[in-house]
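Peer 1:
Number of protein chains: 2
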Amino acid sequence: MMKDKKYLLIPGPTPVPPRVVEAMSRPIIGHRSAEFQTVMERVTGKLKKVFQTENHVFIQGSSGTGALEAAVVNLVNTGDKVLALSCGKFGERFAELARIYGGEVDFVDFGWGYDIDLNVVKKKLEADPAIKVVFATQNETSTGIQNDIEGLGKLVAQHDAVLVVDAVSGLAAIDLKTDEWHVDVVVSGSQKAFMLPPGLAFISVSEKAWKKIEQNTTPKYYFDLLKAKKNIAKWNTTYTTPVSMVFGLEAALDMILEEGLENVFARHKLLAKATRAAIQGLGLELLAPDECASMAVTAVQAPMVVDADTLRKVLLRDYGVTFAGGQDAMKGKIFRIAHMGYADKFDVITAIAALEMALGKVGYKAELGAGVREAQMVFVGGEHA
Amino acid sequence: MMKDKKYLLIPGPTPVPPRVVEAMSRPIIGHRSAEFQTVMERVTGKLKKVFQTENHVFIQGSSGTGALEAAVVNLVNTGDKVLALSCGKFGERFAELARIYGGEVDFVDFGWGYDIDLNVVKKKLEADPAIKVVFATQNETSTGIQNDIEGLGKLVAQHDAVLVVDAVSGLAAIDLKTDEWHVDVVVSGSQKAFMLPPGLAFISVSEKAWKKIEQNTTPKYYFDLLKAKKNIAKWNTTYTTPVSMVFGLEAALDMILEEGLENVFARHKLLAKATRAAIQGLGLELLAPDECASMAVTAVQAPMVVDADTLRKVLLRDYGVTFAGGQDAMKGKIFRIAHMGYADKFDVITAIAALEMALGKVGYKAELGAGVREAQMVFVGGEHA
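Top line first, the protein sequences correspond to chains W and A. Take the first sequence: its position 253, counted from the start at 1, is 253 in my numbering, and no numbers get skipped. Take the second sequence: its position 288, counted from the start at 1, is 1288 in my numbering, and no numbers get skipped.
1) Around the Cβ of A:Ala1385, are there at least 16 other Cβ atoms within 10 angstroms (buried) or fewer (exposed)?
2) Does the beta carbon of A:His1031 come closer than 8 Å to any beta carbon on chain W?
3) Can you tell me which of the three DSSP states W:Val185 falls into?
4) For W:Gly103 and A:Glu1180, what's the separation of their Cα atoms in angstroms?
5) Looking at the strands, I want to know which residues DSSP matches up with W:Tyr7.
6) Would A:Arg1336 and A:Phe1323 be called neighbours here (beta carbons separated by less than 8 Å)?
7) With a cut-off of 8 Å, does the C-beta of W:Pro129 fall near any C-beta of chain A?
8) Would you call the CB atoms of A:Leu1083 and A:Val1108 closer than 8 Å?
9) Could you work out which residues of chain A lie near W:Glu69, taking near to mean beta carbons separated by less than 7 Å?
10) Taking C-beta pairs closer than 9 Å, name the residues in chain W that A:Tyr1239 reaches, listed in chain order.
11) Using Cβ-Cβ distances below 9 Å, what residues of the stretch 3 to 15 of chain W are close to chain A?
12) For A:Cys1192, does the three-state DSSP call read helix, strand or coil?
13) Compare the C-beta of W:Pro27 against all C-beta atoms of chain A and say whether one is closer than 8 Å.
14) Going along the chain, which residues of its own chain have a beta-carbon closer than 7 Å to the beta-carbon of W:Thr53, five neighbours each way excluded?
15) Of all the options A:Val1321, A:Val1314, A:Ser1188 and A:Ala1130, which has the alpha carbon lying nearest to the alpha carbon of A:Ala1358?
16) Using 8 Å as the Cβ pair cut-off and three pairs as the minimum, do the stretch 251 to 264 of chain W and the stretch 16 to 28 of chain W touch?
17) Can you name the start and end residues of the alpha helix (DSSP H) that A:Phe1335 belongs to?
18) Tell me the DSSP secondary structure of W:Ala233 in three-state form.
19) I'd like the span of the beta strand (DSSP E) that includes A:Ala1136, first residue to last.
20) By the DSSP assignment, the beta strand (DSSP E) with W:Asp80 in it spans what residues?
21) DSSP beta-bridge partners for A:Glu1285?
22) Which class does W:Ala355 belong to by DSSP, given the choice of helix, strand or coil?
23) With DSSP run on the structure shown, which of helix, strand or coil describes A:Glu1104?
24) Any C-beta of chain W sitting closer than 8 Å to the C-beta of A:Met1245?
25) Assuming W:Ser244 is part of the alpha helix (DSSP H), what are its boundary residues?
26) With a 10 Å radius around its C-beta and 16 neighbouring C-beta atoms as the bar for buried, classify W:Glu214 as buried or exposed.
27) Looking at the C-beta of A:Ile1100, does it have a partner C-beta in chain W at a distance below 8 Å?
28) Three Cβ pairs or more, each shorter than 8 Å: is that satisfied between the stretch 179 to 193 of chain W and the stretch 59 to 74 of chain W?
29) Under 8 Å, Cβ to Cβ, is there at least one residue of chain A near W:Val300?
30) Going by beta carbon distance, what residues of the same chain come within less than 7 Å of W:Asn216, once the five residues before and after it are set aside?
31) Shorter than 8 Å from the beta carbon of W:Pro242 to some beta carbon of chain A?
32) Less than 8 Å between CB atoms is the rule here; does W:Met24 satisfy it with respect to chain A?
33) With a threshold of 8 Å between beta-carbons, can W:Leu315 be considered close to chain A, or not?
34) Is there a Cβ from chain W that is less than 8 Å from the Cβ of A:Thr1021?
35) Compile a chain-ordered list of the residues in the stretch 1309 to 1343 of chain A whose CB is closer than 9 Å to at least one CB of chain W.
36) What does the alpha-carbon distance come out to for the pair W:Ile334 and W:Thr298?
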């Protein structure tokens, strides 16, 4: 096997398109130059289109977790009541962050493999008008579940609380109409559907959220959004921004906007559908039910004969294909195939073909080509539909 | 004039060598893969050589300011006495951070254009044994002053306090023997002498500092060093690390170590000497006295006939050359020429030649070539010495 041909199919970091790599290779310019200010203005404008918002979207040098922290330290004061809606690892992370910064957290655990139940949220909000912030995850990467953010947004909008959505792994893959759905704070990151390396995070903030941020007294510095807001007109950035990454971001945003947001979402939906059909064609169990299955990543339960991580090792060793494993309690029990960002039909075909061959090696009886055929049928149907 | 030929001579971000750009363009790999763990171990080993330490050096996705914040939130508890030694903007930033996180800050301002007076520090430390942390800046970028970190390290080592040094713009340009000089925490960033784009920060931590960090209760998450320490063996990283930047970092470290640390420092010293000789040859005033002049960046006072920022505009407009301006109170009064990182003799020659021509345009009488000749004399002498 060639040594360099590798297939990275994990839910972030994801492969970077050549056009983005090229943009990131441009000569460095000063982050306080008029030239970079123009770039930042232009990029922010494009970013707002992808966020589907008129709110300002901040660009921050950090991982997605750094942006979750920014949301928390700007909104949560010691003793504030917050509602943390969790379906997996990243829902738990939001709750942990809120707790660390003094929030009185009502942690609602819907369970790994389940989505947020809006009826529960409705009752919680009605029962306690003091709830100040509601934290939710758009696409729970750990389980391949996506939540009904539209429904959640409409619910929270009726209350004083602001809705903060972790869209790190879902934005630009799954529709999220920030303004129309009343999502006050949307957080995302560069290394998922945005097709960039890790290193940038994005945060949009609504007027309703600014009112709470203005009253916040939690100590902060690097993640201070009010300070960042004051610097928009002057520099569009508070500290030294990763300029190369911003060049790459513009190329990625151009690719997304040229394809068209609706087409980007449709492509992700098609890839998810094909992946799920293929998995079922191989007789394997999907973790997420159809109605809340992620369009960005598919979680699959390991067959009885083999541990998921053993299967992943065979895939990497013999075929150069990397799937993600399960996290925490799901470790060894599931594997996850990403189809987000710079992903197309033949990435799914590659994933399924490799999986079929690896399954054979670990003693699971699967007809070679059976999963691939199911995926092809979706593609043929999907294209003609 | 060609549109693409630009000369960036600011103290960060600095130009990135082609070898580093190439490394950063490699295909993305998973940040939790065995392959990346190997890369991180190798890179950390090389980073330790540049830090001249046996302490672990953490790699964090943020600007340098994010790493200053990491030092503060891990070391400073509410009410802790800290000594903040300041010679300019970045000394002030450290103090501000310590204040925000509840430190009882003794802010010692040596003034913009001056270095730290060790006698003052000695008296302060002797007068108050409760001082827990001493913050200092190795290379004060805002004024082009470098401090005697060796002397400071020996002083602080005699006390219970730990010494935290902001070496963001100085490390890998100016000698800093972390272990030998007893510097407990050294903070640096990617976009200065490390020759990378902005986006990574580095922090080394001594045993003496870990003892204080273990007792720290300041809320933190993204910048939590104790958590990062626990993750060294497992993944070498807590959150998603900018993998492309780490590839670039290895290439940059290889360049530094192949050249040899002593040679890297000597090169910076030579470039600084040539720049200073040229400036004086043009009859302009240097901000920093010889004995504490930075080897990484030279601050020059604007001549009476022109505001520094007007001069900088002419340099950029007519010659594509970018110098840095003065910050805060120094705005318009000084300009700064960087000679750090991927910088060699002809970057200095370019800077001075452009300056001579721009000075003529704004009405300052300078003989063309007079500064260039002074720099050349240093280079000829320097090479033969």
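Every residue, glycine too, gets a C-beta built ideally from N, C-alpha and C.
Peer 2: Reading it off the structure:
1) Residue confidence for A:Ala1385 is low, a pLDDT of 41 falling below 50, so the modelled location carries little weight; the figure read from the coordinates is stated next. Label assigned to A:Ala1385: exposed.
2) At a cut-off of 8 Å between C-beta atoms, A:His1031 counts as an interface residue with respect to chain W.
3) In the three-state reduction of the DSSP assignment, W:Val185 falls in the strand class.
4) 44 Å
5) W:Val321
6) yes
7) no
8) yes
9) Tyr1221 and Tyr1222
10) Ser62, Ser63, Gly64, Thr65, Gly66 and Pro198
11) If the cut-off is 9 Å between Cβ atoms, the stretch 3 to 15 of chain W has Asp4, Lys6, Leu8, Ile10, Gly12, Pro13, Thr14 and Pro15 near chain A.
12) Sequence check: residue 1192 of chain A is Lys here, not Cys. The answer is coil: DSSP assigns A:Lys1192 none of H, G, I, E or B.
13) yes
14) Thr178, Asp179 and Ser204
15) A:Val1314 is the residue among A:Val1321, A:Val1314, A:Ser1188 and A:Ala1130 whose C-alpha sits nearest the C-alpha of A:Ala1358.
16) yes
17) Segment Ile1334 to Ala1338 is the beta strand (DSSP E) holding A:Phe1335; no alpha helix (DSSP H) there.
18) coil
19) Val1133 to Thr1137
20) Element bounds for W:Asp80: n/a, residue is neither H nor E.
21) A:Gln1301
22) Note on residue identity: the sequence assigns Leu, not Ala, to residue 355 of chain W. Helix.
23) strand
24) yes
25) For W:Ser244, the uninterrupted alpha helix (DSSP H) run begins and ends at Val243 to Glu259, by DSSP.
26) exposed
27) Yes, A:Ile1100 counts as interfacial toward chain W.
28) At 8 Å Cβ cutoff, the stretches touch.
29) no
30) Excluding residues within five positions, the ones whose Cβ falls inside 7 Å are Asn74, Leu75 and Asn77.
31) Interface residue, yes.
32) yes
33) no
34) With the sequence shown as reference, residue 1021 of chain A is identified as Val, and Thr is not the correct amino acid for it. A Cβ of chain W is located within less than 8 Å of the beta carbon of A:Val1021.
35) Leu1316, Thr1322, Ala1324 and Gly1325
36) If you draw a straight line from the Cα of W:Ile334 to the Cα of W:Thr298, it comes to about 10 Å.
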